[in-house]
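Chemist: Numbering (the numbering used here), first residue to last: 1474 to 1728. In this text, a Cβ means the ideal position worked out from N, Cα and C, and glycines have one as well. Computed from a predicted structure; not experimentally measured. Sending over a structure as C-alpha cells; questions will come in a sec.
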Amino acid sequence: MTTSCALLADRAPGWFETKRTSVIELVGVARVPSTPWSGEGVELKITGNGTVRVGESVPGTKLPSRCPERHIQGDRTFCLGLRRPTIGTTEAADAWWEQLRQYLRCQAVAARTRVWPPAHALDHGDAGRHHERALALAEEAGIAEEYAAAWLGEPSWITNPRLRIVDKKGEPINGRAVCPRGCRRRASRNAPILRRNCPKRSELAALVHAEKRRRAALDDYWQIVLHDGTRCCRTMLSCPLRDHEDRATEENAVK
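Shown next, in the form of C-alpha cells:
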C-alpha cells in the first residue's frame, strides 16, 4: 500500500524538489514562485501517514520557529487549515500541495507586510471552529462584510453585549425589542421591525452566539500561549505576545 509521503512525493509539483523520502517522511525544498524563497527555497520536512505534518526541516531557518500570528504551531509545524485531510488519493495529494502553496504565499505576504492575509485564515485553536461557523452563518444571512468588520474589532451589534440578543444557550431572547440591525418596515410609516418578526432571527442569533464563543475561545487560546513560555518573534505588526512582553518590560522599568 502506498504511504501518504510516497503519494505526495509522486505528486510533488514543479516548485518542490524532493531530496529524500521514506515510508513516513519526505524532505525537499519548496521554491514557490512570487515568494522570497523562489530561488534559494525553503527546506521542508513532511512526516506521517494518512494525515501528515509539515514544517521547516530546521525550524527558524527562513520562517519563525513559532508564531501563532503566522500560523506556525507550538510543535513547529505549519497550520494549513482547520482540519488535516487524509492523504490517500492523488486528488487529496494534489489538493494538499495546493494548500501548502497558498500557505507559503501567505507567509510571503506576512514577511513583506507584517500582516497575515485576513481572508486566508481561521482563528487559532478551538476558536477556529466557531470562526468557521460564524463565517458560514454571516454568508447565509447576507451580511458577510458586516461580520468581517465586527471580527476586525469595529463596533457592531454582533458583539454588543448590552443588546442581549441570545441567552447562555444561544437561543434568541427579547423578541419585543427592535431588530438590532435597525431594519424597518417599508409600510406602516417605516416602523422598526421587532426581533420576533425578523425572518432571519434564528440565523442572526446563531451568528451572535458563534461570535461570542469564538472570542471566548480565542481569549483562552492566548492565555495558554502566554503561559507556556512562547516568545514573540517580532515579525508581525500586531501580536498579543508582544503586547504582553512590552507591558511586562514597562512594569519592570517602573519598579
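Quick one: which unbroken alpha helix (DSSP H) runs of 4-plus residues sit fully inside the stretch 1537-1600? Chain order, please.
Modeler: Runs found: 1563-1586.
Chemist: Have a look at C1540 and E1644 and give me their C-alpha separation to the nearest angstrom.
Modeler: Counted from its first residue, the sequence shown places residue 1540 at position 67. Counted from its first residue, the sequence shown places residue 1644 at position 171. Those two C-alpha atoms are separated by around 36 Å.
Chemist: Can you check which of these residues, K1685, S1629, S1511, is closest to V1639 by C-alpha distance?
Modeler: Along the sequence shown, one-based indexing puts residue 1639 at 166. The candidate whose alpha carbon is nearest that of V1639 is K1685.
Chemist: Whether or not the stretch 1476-1483 and the stretch 1566-1573 are in contact is what I'm after, with contact meaning three or more pairs of Cβ atoms, one per stretch, closer than 8 Å; do they touch?
Modeler: Yes, the stretch 1566-1573 touches the stretch 1476-1483.
Chemist: Take R1585 as the anchor and find which of L1710, A1622, D1716 has the nearest alpha-carbon.
Modeler: Working through the sequence shown from its first residue, we reach residue 1585 at position 112. Closest option to R1585, Cα to Cα, is L1710.
Chemist: With a CB to CB cut of under 7 Å and the five nearest residues on each side skipped, what residues in its chain are close to P1653?
Modeler: What you label residue 1653 is simply residue 180 of the sequence shown in a count that begins at 1. Cβ within range, chain order: W1630, L1636, I1638.
Chemist: Check R1493 in the structure and name its three-state DSSP category.
Modeler: The sequence position of residue 1493 within the sequence shown is 20, counting from 1. Of the three classes helix, strand and coil, the one that applies to R1493 here is strand, per DSSP.
Chemist: Taking C-beta to C-beta, are A1611 and L1680 nearer than 7 Å?
Modeler: For the purposes of this step, residue 1611 is taken as residue 138 along the sequence shown, with counting starting at 1. For the purposes of this step, residue 1680 is taken as residue 207 along the sequence shown, with counting starting at 1. Cβ atoms of A1611 and L1680: closer than 7 Å.
Chemist: Among all the DSSP beta bridges, which residues are the ones paired with N1522?
Modeler: Position 49 of the sequence shown, counted from the start, is the residue given in the question as residue 1522. Looking at the DSSP assignment, N1522 forms a beta bridge with T1524.
Chemist: Starting from the C-beta of V1531, find all residues in its chain whose C-beta is less than 8 Å away, skip the five residues before and the five after it, and write them out in chain order.
Modeler: Numbered from 1 along the sequence shown, position 58 holds the residue referred to as residue 1531. Closer than 8 Å at Cβ, skipping near neighbours: E1516.
Chemist: Where does P1672 land, buried or exposed, given buried means 16+ other C-beta within 10 angstroms?
Modeler: For the purposes of this step, residue 1672 is identified with residue 199 of the sequence shown, where counting begins at 1. By the 10 Å Cβ count, P1672 comes out exposed.
Chemist: Compare the beta carbon distance of G1523 and S1495 with 7 Å and say whether it is the shorter of the two.
Modeler: Translated into the one-based positions of the sequence shown, residue 1523 becomes position 50. Translated into the one-based positions of the sequence shown, residue 1495 becomes position 22. Not a contact, by the Cβ cut-off of 7 Å.
Chemist: Can you tell me which of the three DSSP states A1614 falls into?
Modeler: In the sequence shown, counting from the first residue as 1, residue 1614 sits at position 141. A1614 falls in the helix class under three-state DSSP.
Chemist: Between the stretch 1573-1582 and the stretch 1538-1556, do three or more beta carbon pairs fall short of 8 Å?
Modeler: Contact holds: three or more Cβ-Cβ distances are below 8 Å.
Chemist: For the putative contact between L1555 and L1595, defined by C-beta atoms under 8 Å, what is the C-beta separation to the nearest angstrom?
Modeler: Counting from 1 along the sequence shown, the entry for residue 1555 is found at position 82. Counting from 1 along the sequence shown, the entry for residue 1595 is found at position 122. With 8 Å as the limit, L1555 and L1595 qualify as a contact, their Cβ atoms being about 5 Å apart.
Chemist: Keeping to the same chain, check which residues put their C-beta closer than 6 Å to that of A1729; ignore five residues upstream and five downstream.
Modeler: With the chain covering 1474 to 1728 only, the question about residue 1729 has no answer from this structure.
Chemist: R1720: buried (16+ other C-beta within 10 angstroms of its C-beta) or exposed?
Modeler: On the sequence shown, residue 1720 is found 247 positions in, with the first residue counted as 1. By the neighbour-count rule (16 or more Cβ atoms within 10 Å), R1720 is not buried but exposed.
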